[in-house]
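K.L.:
Below you will find the structure I want to go over with you.
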Amino acid sequence: MSILEISNLSHGFGDRTLFKNVNIHLSAREHVALIGRNGAGKSTLFNLITDQISHDQGHIRWQNGIKIGFLTQHAKLSDFLTINDALLHAFDSILSKERTLQGIATKLANATGKQLERLLEQYANLQDELEREGIYEVSARIQTVADGLGILELGLDHPVAHLSGGQRTKVLLAQLLLQQCDVLLLDEPTNFLDVSHINWLSNFLKQYEKAFLVISHDALFLNQIADVIWSLENTELVRYSGSYSAYLSYASEKQTQQIQAYSRQQQEIKRMEDFIEKNIARASTTKRAQSRRKALEKMDRITTPTILAPPSFSFKEVPASAKIALEATNLIIGYTHPLLPALNLLIEHNSKIALTGCNGIGKSTLLRTLLGELPPLSGEIHHDEKLKIGYFAQEEYEKSKATPLDRIWQCVPDWPKKDVLRVLARSGLKHEHMNQPIHSLSGGEQAKVRLCKLTLQPANFLLFDEPTNHLDQPTKDALNTAMKNFTGTLILVSHEPAFYKSIVDTLIDLETLYANGKETQIIARHFKKTKRH
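For the sequence shown, the UniProt record's numbering begins at 1 and goes up steadily by one.
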């Protein structure tokens, strides 16, 4: 039974068409992965089917009474709540009924006669309803989901205002999972999640008895949760039944067949055109040539297969002046209180380091302290006098009307426009995105703009905070290659071992440092084999 029907849907922005005559449906209990390249329109489709924006043509019909839960890439959470307050919002309907029950109980004290009978009946009916809806399980359910997503360890009375961006996303996700919606719409839900919490979410979604649509570029995650694939391909939304890995095999074979069929047809067209050109003017062969011309005019032409060039990144390097890039002594990081034990860190030039650990452990704080954006609570940091730092922050929200072209041209004002457009294209930006306001782009497209900007800044020390969030696989592959080719020093925060293992030679797990509770000394050198701390 379909709970969502999309028919003849067309939509675009300006001259750019995102969807053209899309026809697709979502069935109850169906577990769907919505996939496509960055900027293809995945998040826009979510906005269309939830009436966040109006579509140009066609129809979007939900079954009556369907409860939809929607987690966007840029969802917000009020600072004036505790974690428990935020999670209790998932039960607003039940808690409202509980307050009504308490009100009835208060009235019972002074009621008599028929009023008492009526109130007792209301009380009994409402109490039965609350039991069916799980009023006595609210606390246990909050504990289970909060534990699974790594929130419980923070304390449910922890103020939202003190949470990191990743922790806030976890709270919003937990809130949504607790609502027991008929359909979940999850846009990049694994961003900011540790491996163990991604595994928990995978198991939760596999057992989810209702429907969901998930946007993600995490292949392992998609393979675990999805039994249907919606693939956004060249303004069309194509449905495949089966796992994500089965879809990849099918799509690869299909593309190969399309390329071969197109090549064969082009060869046949060339032969026919040559024959017509040679024989149309000769009396003895004119009829045959005319017949070929008619056949050529009636031929169903195979559309040129779309093969998108992968992005390419290359970081500008400047030489260092010393063997040691950075040295930290008795370093204690934090805002008002220490996040980690004292750290003695010696980083040699050309070393590449991955910082791992759960959300809120201090990874971003450590990066910002080494960068000089945050002062340490105590300790000293010394670095090479010719150190040139490039920094990719975890999230940067663009609120102005600046376009990618504006932002990149500011970095290279002497360049002609065609060269600026070329470097944006090399970073994976489509031409139609280059003149759109950055704030209107998808998370992946915004990340590409920031990566493009970073490639233009000469550096010998690069800091990356969760750079793969929102990126599609071709862009991740291109970034991985650029990081491996970079001969300077690099520190990378990531929750994706599959991404960083081939890059780094030193792995620093901040959870281990925290658990040890002792002053730690780490020397980061360039090694062929990964060292672990």
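All C-beta atoms, glycine included, are put in the ideal place defined by N, C-alpha and C. Bear in mind the structure is a predicted one, so any value in this text is a computation, not a measurement.
1) What are the boundary residues of the alpha helix (DSSP H) that Thr-144 is part of?
2) Just the Cα atoms here: how many angstroms apart are Asn-110 and Asp-85?
3) DSSP on residue 563, reduced to helix/strand/coil?
4) Go through its chain and collect everything with a Cβ distance to Phe-13's Cβ below 7 angstroms, but skip five positions before and after it.
5) Taking 8 angstroms as the threshold (C-beta atoms), are Leu-177 and Val-145 in contact?
6) If I measure Cβ to Cβ from Trp-62 and keep anything under 7 angstroms in the same chain, skipping five residues before and after, which residues do I get?
7) Look at the Cβ atom of Val-493, then the Cβ atom of Ser-364, and state whether they are nearer than 8 angstroms.
8) Considering only their Cβ atoms, is the gap separating Asn-460 from Thr-506 smaller than 8 angstroms?
9) By the 10 Å Cβ neighbour count, where 16 or more other Cβ atoms means buried, how is Thr-169 classified, buried or exposed?
10) Is Tyr-335 buried or exposed, if buried means 16 or more other CB atoms sit within 10 Å of its CB?
11) When you compare each of Arg-292, Glu-253, Ala-33, Tyr-208 to Arg-271 by their alpha carbons, which one comes out closest?
12) For Arg-37, which three-state DSSP category applies?
13) Would you say the region 125 to 135 touches the region 53 to 67, given that touching needs at least three Cβ pairs under 8 angstroms?
14) Apart from the five residues on each side of it in sequence, which residues of its chain come closer than 6 angstroms, Cβ to Cβ, to Phe-486?
15) Under the assumption that Gly-357 contacts Leu-510 (Cβ atoms under 8 angstroms), give the Cβ distance between them as a whole number of angstroms.
16) Exposed or buried, what is Gly-103 when buried is set at 16 or more other beta-carbons lying within 10 Å of its beta-carbon?
17) So which of Ile-333, Asp-465, Phe-19, Asp-477 has the shortest CA-CA distance to Tyr-514?
18) Do Ala-325 and Ile-347 count as a contact pair if the criterion is CB distance below 8 angstroms?
19) Is the beta carbon of Gly-443 less than 8 angstroms from the beta carbon of His-470?
20) Nearest to Trp-409 by CA position, among His-383, Leu-454, Ser-312, Glu-373, is which residue?
21) Quick check on DSSP: helix, strand or coil for Tyr-391?
22) So what's Asn-64 in DSSP terms, helix, strand or just coil?
23) Just the C-alpha distance for Ala-165 and Arg-264, rounded to the nearest angstrom, thanks.
24) For Ser-245, which of Glu-273, Val-228, Leu-18, Ser-7 has the nearest alpha-carbon?
25) Alpha carbon to alpha carbon, how far is Ala-28 from Gly-69? Give it in angstroms, no decimals.
26) Classify Lys-294 as helix, strand or coil using the three-state DSSP reduction.
27) Of the residues Asp-419, Ala-498, Val-504, Ser-440, which one's Cα is nearest the Cα of Ile-491?
28) When the distance is taken between beta carbons, is Ile-259 closer than 8 angstroms to Pro-319?
29) Is DSSP giving His-89 helix, strand or coil here?
30) Assess contact between the region 231 to 239 and the region 35 to 47, defined as three or more Cβ pairs (one per stretch) separated by less than 8 angstroms. Is contact present?
31) When the Cα of Leu-18 is compared with those of Val-32, Ile-24, Thr-44, which residue comes out closest?
32) Return the bridge partner residues of residue 575 from the DSSP annotation.
33) Is it the case that the Cβ atoms of Leu-95 and Leu-101 are separated by a distance below 8 angstroms?
34) Beta-carbon within less than 6 angstroms of Leu-156's beta-carbon, same chain only, minus the 5 sequence neighbours each way: which residues are those?
35) Tell me which residue opens and which closes the beta strand (DSSP E) that Arg-239 is part of.
36) Identify whether Arg-282 lies in helix, strand or coil by the three-state DSSP scheme.
P.N.:
Result, derived from the coordinates:
1) 138 to 148
2) 33 angstroms
3) Missing from the structure shown is residue 563; the chain here goes from 1 to 533 and no further.
4) none
5) yes
6) Ile-3, Leu-4
7) yes
8) no
9) buried
10) exposed
11) Arg-292
12) coil
13) no
14) Phe-315
15) 4 angstroms
16) exposed
17) Ile-333
18) yes
19) yes
20) Leu-454
21) strand
22) coil
23) The amino acid at residue 165 is misidentified as Ala; the sequence shows Gly. Answer to the nearest angstrom: the Cα atoms are 53 angstroms apart.
24) Val-228
25) 14 angstroms
26) helix
27) Val-504
28) no
29) helix
30) yes
31) Thr-44
32) Given a span of 1 to 533 for the chain in the structure shown, any question on residue 575 remains unanswerable.
33) no
34) Ile-83, Asn-84
35) 236 to 241
36) coil
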